[in-house]
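One point on numbering: in the numbering used here, the residue at position 363 of the sequence shown is 344, and numbering is uninterrupted. Take a look at the structure set out below.
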Amino acid sequence: MGWDEGQVFYSDQAQFPQGGGDPSVTRHSALRKFKEFIRGFHGEKGDLPYRESLVQNPKSLVVAMEDLESFDAVLSDKIRKLPSDYLPLFETAASEVLASLRSKVAGETGEMEEPVTGEVQIFLSSRENSVSMRSLGADFISKLVKIGGITIAASRTKAKATYVTLLCKNCKNIRTVPCRPGLGGAIVPRSCDHVPQPGEEACPIDPWIIVPDKSKYVDQQTLKLQENPEDVPTGELPRNMLLSVDRHLVQTIVPGTRLTIMGIYSIYQAATAQKGAVAVRQPYIRVVGIEQAHDASSGGPSAFTHDEVAEFKEFAQKPDAYSSLCSMIAPSIFGHADVKKAVACLLFGGSRKRLPDGVRLRGDINVLLLGDPSTAKSQFLKFVEKTAPVAVYTSGKGSSAAGLTASVIRDSSSREFYLEGGAMVLADGGVVCIDEFDKMRVEDRVAIHEAMEQQTISIAKAGITTVLNSRTSVLAAANPPSGRYDDLKTAQDNIDLQTTILSRFDLIFIVKDVRMYDQDKRIASHIIKVHATADAVSKDSDALEGENWLKRYIEYCRVYCKPRLSDSAATMLQNSYVGIRQQMRQQSNESGESAAIPITVRQLEAIIRLSESLAKMRLSLVATEEHVAEALRLFNVSTMDAARSGINEHMNLTTEMANEIKQAETQIKRRMGIGSHISERRLIDELTRMGMNESIVRRALLIMHQRDEVEYKRERRVIIRKA
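What follows is the structure, given as structure tokens:
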């Protein structure tokens, strides 16, 4: 869908509707009622909100449809059904009221001056529920609608004529013709209305030429609105809708912003329409009111009822609130208690901070799950996608740098470039779930560095230089290079990701498929139970209600609770961080190489965010020592364990082991000539048949690989001897 502009078709010719409606509502009476509403509507506090608002901001006036309905239900109904006819009247009434108020003020001060009639733009708002973009059909044309979505593109500002000045080529007669708002054009008459004098030549057909300098203009911009990801049915593409905004709404929206808009559902003829398709028109919405969704709350603060808030506060006071929340995280997954706690922290998030110099510190938590197949990593991602207030799910292999960040696209009709946001922009204020993180191309992975730490995406392409917000958490799942996590390899070999991306993850979990009889038995029993009760769960309204409750509770905590560290907790955290750095320095000195996962100041900030997130779960405004202790425990069982995992390259070998490894190396070199290749599994089987221990053979291969004598190919399944 491009920024096509064409003629808008209406059933009437710019006349006020006659008949077919309430006969009592004429143009004059409607104008009078609108003036009475602005001047005399009393708010809940007994004040005059619209009159005061108009004096303070003479350029625009935001009107709640509920207020208009309580004042005059007939007028409100007319605005909903015939907004194109009654909105201009409303704006005229507002301009006239403003002029009278200004002249009254001038008269009181003794300086009587000519009142300036300014253009007042009316913005409509409503607390009613939004209509789905998919349900908009022919019944809604020319009516007022309310829809929600994400802005994915914005065009440049253009000048739209409101009145076109025409000049007759023959008699130089001047005429002014009004233009339809939105994407509509002017209806230019075919003949000149000048009456020729006797002997004067009559004006020909189509004598008018447009005089651009004497025409009146307003700013206009076109936006592209896409359905919210959570509203798109599974397996279907999200729908887009073209929006037209003008005057004071221009340049107020950037791509990636979540909106709820009030507008007039209209139609236009696309420039790319086929000839002969006279009756086919494309829909668009002429916007008459915009509400931006702040933070994670798309419904705004009023979306929570008093009963809900009371229930949330009561739940937060319970001593087992933390464990109860963690038990609600992916209940179909057996075990993984610490991973569930980390996912809970990710969903609640820390507190965003803005420093005096304007620098923003992120409050969102990033988590990486790395490990064996079939350890429920993707299940966690799917659960978060369903539970987070805003979420986008994507796979590493099917994601490009432009698809994750933003792309610049050329419009097919106007040939202009415009910006279209990617997954990280669309998930602003929520979570991006990236599966198969290790399968991404390196250059695509680098593209999200800025988005993960600075939480912005900077674009400088095709003459467009801008910065988009991507205040998102990232939950990523990855496999080690060999497919499975190998305890006989060093941490660097198992975690085959750059340190630049690893340092941006607050928690890194190594998820292993441990073979233990008792645990396997319990897992098998749990999975069989899940499959047996699957149909019952899908019909059970309690389970669905629990999911919705968790989603609402997360949304409430993210909007209203912004905890900070207490002084004692900060001191405890400072001492712990220094101790962790010392441990890692000692480990690198012993091994003679740097750690696979760097422990930097980012990890200190990560523990602060985790502490704030744990406090947020209890609706506490202060993160205490108890929260810091739990955050440190989570950090130790995840990132620190991952950094210490695997065997040490320079571990002390007994003389017997060293001799066995040397024998294994000799046999490998005998079996493989330089340049030859063999399957790793086949080589290990052959050497174990000769009486060698499999772990010794693997250790010998690892040492030869580190000496660059052998090389792995085809996802480490094939070995090639190099020297």
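Glycine included, every Cβ here is placed at the ideal spot set by N, Cα and C.
Rounded separation between K543 and S332 - CA only: What you label residue 543 is simply residue 562 of the sequence shown in a count that begins at 1. What you label residue 332 is simply residue 351 of the sequence shown in a count that begins at 1. Distance between K543 and S332, taken at the CA atoms: about 5 Å.
Neighbourhood of K334 by C-beta distance below 8 Å, restricted to the same chain and skipping five residues each side: Residue 334 sits at position 353 when you count from the first residue of the sequence shown. Taken in chain order, the residues that qualify are R341, L342 and G344.
Alpha-carbon spacing of T233 relative to R452, whole angstroms: Locating residue 233 in the sequence shown gives position 252, where the first residue counts as 1. Locating residue 452 in the sequence shown gives position 471, where the first residue counts as 1. Rounded to whole angstroms, T233 to R452 spans 19 Å at the Cα level.
Inside the segment 181 to 261 only - alpha helix (DSSP H) runs reaching at least 4 residues: Those alpha helix (DSSP H) runs which fall completely within the segment 181 to 261 and span 4+ residues do not exist here.
Alpha-carbon spacing of T98 relative to F18, whole angstroms: Reading the sequence shown from its first residue, position 117 is the one you call residue 98. Reading the sequence shown from its first residue, position 37 is the one you call residue 18. Low local confidence applies: a pLDDT of 44 at T98 is under 50, so the model's placement there is unreliable, and no value is given.
Span of the alpha helix (DSSP H), counted from its first residue to its last, around K597: Along the sequence shown, read from residue 1 onward, the residue named residue 597 stands at position 616. Taken as a continuous stretch (DSSP letters only), the alpha helix (DSSP H) holding K597 covers V582 to M598.
Contacts around T581, its chain only, beta-carbon distance under 8 Å, and the 5 residues preceding and following it disregarded: By 1-based counting over the sequence shown, the position of residue 581 is 600. Scanning its chain for C-beta atoms nearer than 8 Å, with the 5 sequence neighbours on each side dropped, one finds around T581 the residues S484, in chain order.
At least 3 beta-carbon pairs within less than 8 Å: the segment 482 to 498 vs the segment 310 to 329: Because the criterion of three Cβ pairs below 8 Å is met, the segment 482 to 498 and the segment 310 to 329 touch.
Close-in-space but distant-in-sequence residues of the same chain around P264 (CB under 6 Å, 5 per side omitted): Your numbering for residue 264 matches position 283 in the sequence shown. Closer than 6 Å at the Cβ level, and outside the excluded window around P264, lie I248.
Beta-bridge partners of K127, as assigned by DSSP: Within the sequence shown, numbered from 1, the residue matching residue 127 stands at position 146. DSSP output for K127 lists M243 as bridge partner(s).
At least 3 beta-carbon pairs within less than 8 Å: the segment 110 to 130 vs the segment 194 to 212: yes
Beta-carbon gap between L240 and V192 smaller than 8 Å: Counting from one through the sequence shown, the residue named residue 240 turns up at place 259. Counting from one through the sequence shown, the residue named residue 192 turns up at place 211. Contact check for L240 against V192 fails: the beta carbons are separated by 8 Å or more.
Extent of the continuous beta strand (DSSP E) to which G270 belongs: Residue numbering aside, residue 270 sits at position 289 when the sequence shown is read from its first letter. Element bounds for G270: Q263 to Q273.
Length of the line joining the Cα atoms of R702 and Y303: What you label residue 702 is simply residue 721 of the sequence shown in a count that begins at 1. What you label residue 303 is simply residue 322 of the sequence shown in a count that begins at 1. Using only the alpha carbons, I get a separation of about 54 Å.
Cβ separation of L708 and H608, assumed to be a contact under 8 Å, to the nearest whole Å: The structure shown does not extend to residue 708, since the chain is modelled only from -18 to 704, so the question has no answer here.
Sequence-distant residues of the same chain with beta carbon closer than 6 Å to S51, five excluded per side: Reading the sequence shown from its first residue, position 70 is the one you call residue 51. For S51, where only same-chain residues beyond five positions count, there are no Cβ hits under 6 Å.
Residue ranges of each alpha helix (DSSP H) within the segment 405 to 444, 4 or longer: 423 to 427 and 430 to 434
Inter-residue Cα distance where the pair is T481 and V348: Sequence index remark: in the sequence shown, residue 481 carries index 500 (1-based). Sequence index remark: in the sequence shown, residue 348 carries index 367 (1-based). Cα-Cα distance, rounded: 15 Å.
Beta-ladder partner(s) of N450, from DSSP: Position 469 of the sequence shown, counting from 1, holds the residue named residue 450. T437.
H9 in three-state terms, based on DSSP: The residue labelled residue 9 in the question sits at position 28 within the sequence shown. Looking at H9 - three-state DSSP - the assignment turns out to be helix.
Boundaries of the alpha helix (DSSP H) in which R33 is found, first to last residue: For the purposes of this step, residue 33 is taken as the residue at position 52 of the sequence shown. Note that residue 33 corresponds to Glu in the displayed sequence, not to Arg. First-last of the alpha helix (DSSP H) with E33: P30 to Q37.
8 Å Cβ cutoff met for E47 and R108: Taking the sequence shown and counting its residues from 1, one reaches residue 47 at position 66. Taking the sequence shown and counting its residues from 1, one reaches residue 108 at position 127. Cβ distance < 8 Å, so E47 and R108 count as in contact.
Among R20, M222 and A408, the one whose alpha carbon lies nearest that of A80: Position 99 of the sequence shown, counting from 1, holds the residue named residue 80. Among R20, M222 and A408, the Cα nearest to that of A80 is on R20.
Cross-strand partners of P159 (DSSP beta bridge): Sequence index remark: in the sequence shown, residue 159 carries index 178 (1-based). According to DSSP, P159 shares a beta bridge with Y144.
Nearest-angstrom Cβ-Cβ length linking A134 and P236, presumed shorter than 8 Å: Your numbering for residue 134 matches position 153 in the sequence shown. Your numbering for residue 236 matches position 255 in the sequence shown. Yes, they are in contact, since the Cβ atoms of A134 and P236 sit about 6 Å apart, within 8 Å.
Rounded separation between G166 and C160 - CA only: Your numbering for residue 166 matches position 185 in the sequence shown. Your numbering for residue 160 matches position 179 in the sequence shown. Rounded to whole angstroms, G166 to C160 spans 6 Å at the Cα level.
Given 8 Å, three or more beta-carbon pairs between the segment 377 to 384 and the segment 414 to 423: The answer is yes - the segment 414 to 423 touches the segment 377 to 384, with three or more Cβ pairs under 8 Å.
Length of the line joining the Cα atoms of T669 and H317: Here residue 669 refers to the residue found at position 688 when the sequence shown is read from its first residue. Here residue 317 refers to the residue found at position 336 when the sequence shown is read from its first residue. Using only the alpha carbons, I get a separation of about 35 Å.
Residues near K197 by beta carbon distance below 8 Å, same chain, minus five either side: Reading the sequence shown from its first residue, position 216 is the one you call residue 197. Cβ within range, chain order: A142, T143 and Y144.
Limits of the alpha helix (DSSP H) - the one that F293 falls within: Within the sequence shown, residue 293 is the residue found at index 312, counting from 1. H287 to Q298 is the extent of the alpha helix (DSSP H) around F293.
Extent of the continuous alpha helix (DSSP H) run through T481: Residue mapping note: residue 481 aligns to position 500 of the sequence shown, counting from 1. Taken as a continuous stretch (DSSP letters only), the alpha helix (DSSP H) holding T481 covers T480 to L483.
Sequence-distant residues of its chain with Cβ nearer than 8 Å to V389 (five each side left out): Here residue 389 corresponds to residue number 408 of the sequence shown, with the count starting at 1. Hits under 8 Å: F398, Y399, L400, E401, I440, K442, A443 and I445.
The segment 361 to 376 / the segment 455 to 463 touching (three or more Cβ pairs under 8 Å): Result yes; three or more Cβ-Cβ pairs closer than 8 Å.
Identity of the residue in M685, S359 and I346 nearest E434 by Cα: Along the sequence shown, one-based indexing puts residue 434 at 453. Checked all of M685, S359 and I346; the closest Cα to E434 is I346.
T375, enclosing alpha helix (DSSP H) - first and last residue: Residue numbering aside, residue 375 sits at position 394 when the sequence shown is read from its first letter. Not the alpha helix (DSSP H): T375 falls in the beta strand (DSSP E), residues A372 to S376.
Reduced DSSP secondary structure (H/G/I, E/B, other) of K26: Along the sequence shown, read from residue 1 onward, the residue named residue 26 stands at position 45. Coil at K26, not helix or strand.
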